[in-house]
Amino acid sequence: MSHPFDLSGKVAAVTGANTGIGQAIALALAAAGADVACIGRSDPVETVAQIGALGRRAAAIVADLSSIAPVVPIVAETVARLGRLDILVNNAGTIRRSAAVDFTEDDWDAVVDTNLKTAFFLSQAAARHMIAAGHGGRLINVASMLSFQGGIRVASYTASKSGLAGLTKALANEWAPHGLTVNAIAPGYIATNNTAALRADPERDRAILDRIPAKRWGEPGDIGGAAVFLASDAATYVQGHVLAVDGGWLAR
Ligand SMILES: NC(=O)c1ccc[n+]([C@@H]2O[C@H](COP(=O)([O-])OP(=O)(O)OC[C@H]3O[C@@H](n4cnc5c(N)ncnc54)[C@H](OP(=O)(O)O)[C@@H]3O)[C@@H](O)[C@H]2O)c1
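Structure (structure tokens):
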């Protein structure tokens, strides 16, 4: 009997795989046995090399996800280069910080387009392929604490991540009958480029750390296990769930 977390023979595509949480997820999926299409706006050369060192195949796909133009080509290129597509991780995301009264249309569109609109249309392209192939599949969205809470000075980010949590449930309802699961991971406060501004502000840094029962910022590697779980046979009956990986933040 194979191990329930074994991903051997599976192919994953991970967006934003060049750095941070996406890179850690790509490496965790590869360590569990998957081959990985690493999608990056910057060339994910380092991630591809590390996956190769794990003995898995990796394909770099450079794409700007601020528009939906690349979504169908991403699925086609993954299948052409790695043979199939079983797991999609919508991780790429961006944030703009500004008081709500000063928020511009550009601050709104840049965040909602990448974090929510492209995540939906890439999921649609992947699901169309998985349903036609008939082998089922796993869709994993990277949500946020701001899928549950309001945040401060990040109106478009909160709207996008709360929308992504709702979308996760909506797609789970529609695609479960096709053997697809759709779930999300909601990271807590993780030390990446995305949170550099918060960590650089001593007051915000202290306030955040005071609330985290684990008493530390998360590391990108803290998120990998949840992705492997949701991608694996161990999670076959997990549907429409938003799994917090937050050192206890939401428990406070
Ligand atoms: N760090 C946290 O505390 C935290 C908490 C909850 C959720 N998240 C979410 O986790 C995900 C990963 O973020 P991170 O923390 O790892 O931050 P990060 O290091 O800034 O990574 C963000 C990733 O998204 C990519 N990306 C952004 N805009 C893109 C675009 N238009 N086209 C293609 N790729 C684009 C970035 O590419 P470039 O490197 O080329 O910019 C990068 O690979 C995001 O969805 C974020 O919202 C993070």
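Going by my numbering, the letters in the sequence shown line up with residues 201 to 452, in that order. The C-beta atom is built at its ideal place from N, Cα and C for all residues, glycine as well. Keep in mind that this is a model prediction, so the values were computed, not measured.
Asked, Found
"Rounded C-beta distance between V236 and A249? I'm assuming under 8 Å.", "Their Cβ separation, rounded to whole angstroms, is 12 Å, which puts V236 and A249 out of contact at 8 Å."
"Once DSSP output is grouped into helix, strand and coil, what is the label at V301?", "helix"
"For L288, which residues from the same chain have a beta carbon less than 6 Å from its beta carbon, with the 5 sequence-adjacent residues on both sides left out?", "A213, A326 and L339"
"Would you mind working out which of L450, L367 and W417 sits nearest H441, comparing C-alpha positions?", "L367"
"Taking DSSP as the reference, what is the three-state secondary structure of I261?", "strand"
"If distances are taken between C-alpha atoms only, which option among A231, D405, S362 and T392 comes closest to A386?", "S362"
"Which residue marks the beginning of the beta strand (DSSP E) containing V337, and which one marks its end?", "The sequence as given places Gly at residue 337; Val does not occur at that position. Where G337 is concerned, the enclosing beta strand (DSSP E) stretches over G337 to V342."
"Taking the alpha helix (DSSP H) that I423 falls in, what are its first and last residues?", "G421 to A431"
"Give the list of continuous alpha helix (DSSP H) stretches no shorter than 4 residues that lie fully inside the segment 362-423.", "396-400 and 402-411"
"Comparing alpha-carbon positions, which option in V262, I251, R328 and A269 lies nearest R284?", "R328"
"Which one of V275, I239 and R257 has the shortest CA to CA distance from A263?", "I239"
"Would you check if there are 3 or more beta carbon pairs closer than 8 Å linking the segment 314-326 to the segment 263-282?", "yes"
"Which of the three DSSP states is assigned to G283 in this structure?", "coil"
"If I follow the unbroken beta strand (DSSP E) through V245, where does it start and stop?", "Segment V245 to A253 is the alpha helix (DSSP H) holding V245; no beta strand (DSSP E) there."
"Determine, using beta-carbon pairs with one atom in the segment 301-308 and one in the segment 351-359, whether at least three such pairs fall under 8 Å.", "yes"
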